[in-house]
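Below, the structure is given as structure tokens:
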């Protein structure tokens, strides 16, 4: 057994370049959010509580924009993630709309396939994601005129073609990615400058955070999404949540 523990991922250290770029990025973000709010009052921002989403939440609340902020409690969240919901509500004097999976569907799935079925096959993992993420999101967006995500192009190869505005063809509504062109260090520069509340797991080596059974910390030299569904091949590592 090795006596040495691998060094885990750490929150990036930002420098002068990011600090110089931040005012323009922040102004652009605010302009984009105001634009969305004017076109689609009550558009829904679906927050995963990731650092990117916390930045957008911070800007929406600072600007007091008429955008709904929702999040999903899948029933499988780490305690640190669940605790962040309360922290956000207190910090911004708001009340996040929390959507849960249908309890009977979740119960039937675990009764038939087991609580650890997500490890057995990609199909079962995606069925679990559908019950705990996609179906609740569909309910949250049922009457939404448009919706927003915190996705960025540089997060993964599957997101390299993201634009600011897209069409969600499955729901026939507009979809916006207000920080699609931000780099990782830009995200952390904003979080530090505006003292944004963060998931405590970021300080434990988790650069990308999902449900507790499907997320683990990553080594310093690994891809930042390597801890999501780590037992699967790279080609299958999406749940369809943001399509």
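Residue numbers (my numbering): 49 to 291. Positions of the beta carbon are idealized from the N, C-alpha and C atoms, including for glycine. Quick caveat, the model's predicted, so the values are computed rather than measured.
Could you compute how far the alpha carbon of residue i sits from the alpha carbon of residue j?
| i | j | result |
| --- | --- | --- |
| residue 240 | residue 159 | 44 Å |
| residue 85 | residue 115 | 6 Å |
| residue 220 | residue 118 | 19 Å |
| residue 140 | residue 107 | 10 Å |
| residue 65 | residue 71 | 11 Å |
| residue 170 | residue 259 | 16 Å |
| residue 113 | residue 105 | 10 Å |
| residue 165 | residue 266 | 23 Å |
| residue 291 | residue 213 | Because residue 291 sits at a pLDDT of 47, beneath the cut-off of 50, its placement in the model cannot be relied upon, and the following sentence gives the value as read from the coordinates. If I take the Cα positions, the gap works out to 13 Å. |
| residue 217 | residue 223 | 9 Å |
| residue 149 | residue 121 | 8 Å |
| residue 67 | residue 263 | 31 Å |
| residue 132 | residue 97 | 7 Å |
| residue 236 | residue 172 | 34 Å |
| residue 242 | residue 161 | 44 Å |
| residue 49 | residue 271 | Low confidence applies here, because residue 49 scores a pLDDT of 47, under 50, leaving its location unreliable and the question unanswered by this model. |
| residue 156 | residue 110 | 42 Å |
| residue 268 | residue 100 | 20 Å |
| residue 275 | residue 88 | 35 Å |
| residue 142 | residue 130 | 16 Å |
| residue 175 | residue 247 | 26 Å |
| residue 191 | residue 185 | 11 Å |
| residue 80 | residue 53 | 44 Å |
| residue 144 | residue 167 | 31 Å |
| residue 196 | residue 55 | 35 Å |
| residue 75 | residue 138 | 25 Å |
When you measure from the CB of residue i to every non-hydrogen atom of the ligand MG, does any distance come out below 6 Å?
| i | result |
| --- | --- |
| residue 61 | Only the bare structure without any ligand can be found here, which leaves the ligand MG out of the picture. |
Starting from residue i, trace the alpha helix (DSSP H) in both directions and tell me its first and last residue.
| i | result |
| --- | --- |
| residue 132 | 127–140 |
| residue 107 | 99–111 |
Is residue i near residue j, with beta carbons less than 7 Å apart?
| i | j | result |
| --- | --- | --- |
| residue 188 | residue 147 | yes |
| residue 233 | residue 210 | no |
| residue 154 | residue 179 | yes |
| residue 57 | residue 253 | yes |
| residue 255 | residue 135 | no |
| residue 194 | residue 91 | yes |
| residue 103 | residue 238 | yes |
| residue 230 | residue 273 | no |
| residue 82 | residue 261 | no |
Residue range of the beta strand (DSSP E) that residue i falls in?
| i | result |
| --- | --- |
| residue 116 | 116–120 |
| residue 194 | 194–196 |
| residue 94 | 92–95 |
| residue 79 | Segment 64–87 is the alpha helix (DSSP H) holding residue 79; no beta strand (DSSP E) there. |
| residue 147 | 145–147 |
| residue 216 | 213–216 |
Can you name the residues that DSSP bridges to residue i?
| i | result |
| --- | --- |
| residue 276 | 263 |
| residue 210 | DSSP output for residue 210 lists no bridge partner at all. |
| residue 56 | 267 |
Exercise for the section: For the segment 219–265, list the alpha helix (DSSP H) runs that are entirely contained and at least 4 residues long, ordered along the chain. Expected result: 232–241
Practice task
Jot down the residue ranges of each uninterrupted alpha helix (DSSP H) in the segment 158–182, minimum 4 residues, whole runs only, in chain order.
Solution key: 170–177
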